[in-house]
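First the structure, in the form of structure tokens, and then the observations on it.
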Amino acid sequence: MKHTHLLLLVAVLSLGLAAPLQAQQRFHASLDLGVNTGEHLGTSLHTIGAFTYTPLPYLGVQIRLDGYELLGRGNRHIFFWKNPMDGSLRTTTDMDALPKQKTGMARFIGLGVAFMPIAIARPDTRNILAIEAGVGYSHEYMLRSDPDNNQSIYGHEETSLGTFATLRYRYRVWEHVSLGGYLNCLLNHSLQVGAGISASLDI
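Using this note's numbering, the first residue of the sequence shown is number 17, and each one after it goes up by one.
In structure tokens form, the structure reads like this:
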């Protein structure tokens, strides 16, 4: 009987130690929507798609894709293409959709780390506070129109290396779903700062 009680105690302790460890090893697939402001694109729409793997409760690795878009008049999307003859940037959108000054879009792909300080003391917490940082590569398209002649369009394309830093908070509303918000900073050839809402699927 004594051995049976001892085995039961060992089993309970083993489950107690193993359960948090299994819960810690999660994939976080997050989607963020917000507003960004910066020197080149001005005030633009901002989306982030990120995939984070946390082998430890407080530390993980992340790959992410950011999108920035400055819409045309009437919140119309601008479609870009390159002239195959000279490689210049063009748009297939009606010129009336363009703002008088500029429009554009940018894509950023990055690789970084995610630090989750709350999980150090409480690995099973529903509160997810993540401090994310890393490096990446951005590709930007810009169209500017002549203030005196809106039909005269100047195209600009630029690629650059950059660094990002994101503060993200989410609350796990369900076993596999978390909701919250984020603050983001991207520094490449100019500074971009944004904020918005965040949702994630935690597996």
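For each residue, glycine too, the CB sits at the ideal point set by N, CA and C.
- Bounds of the beta strand (DSSP E) holding isoleucine 213 are 207–218.
- In terms of Cβ geometry, phenylalanine 180 and glycine 120 do not form a close pair [threshold 8 Å].
- A Cβ-Cβ contact shorter than 8 Å links asparagine 52 with tyrosine 84.
- Sorting Asp82, Leu57 and Gly58 by C-alpha distance to the C-alpha of glycine 65 places Asp82 at the top.
- Cβ atoms of alanine 130 and glutamine 208 stay farther apart than 8 Å, at about 20 Å.
- Put simply, the backbone Cα of glycine 212 is about 18 Å away from that of leucine 203.
- The residues Ala122 and Glu174, in chain order, have a CB closer than 6 Å to that of glutamate 156 in the same chain once the five nearest residues on each side in sequence are set aside.
- For alanine 137, the number of other beta carbons within 10 angstroms of its own is below 16, and it is reported as exposed.
- As computed with DSSP, threonine 179 is found in a beta bridge with Val151 and Leu203.
- By the criterion of a C-beta distance shorter than 6 Å, asparagine 200 is surrounded in its chain by Thr182 and Gly210, once the five residues flanking it on both sides are discounted.
- The residue from Asp218, Ile147, Gly152 and Tyr198 with its alpha-carbon nearest to that of proline 133 is Ile147.
- Following the DSSP letters along the chain, one finds proline 133 in no beta strand (DSSP E), marked with neither H nor E.
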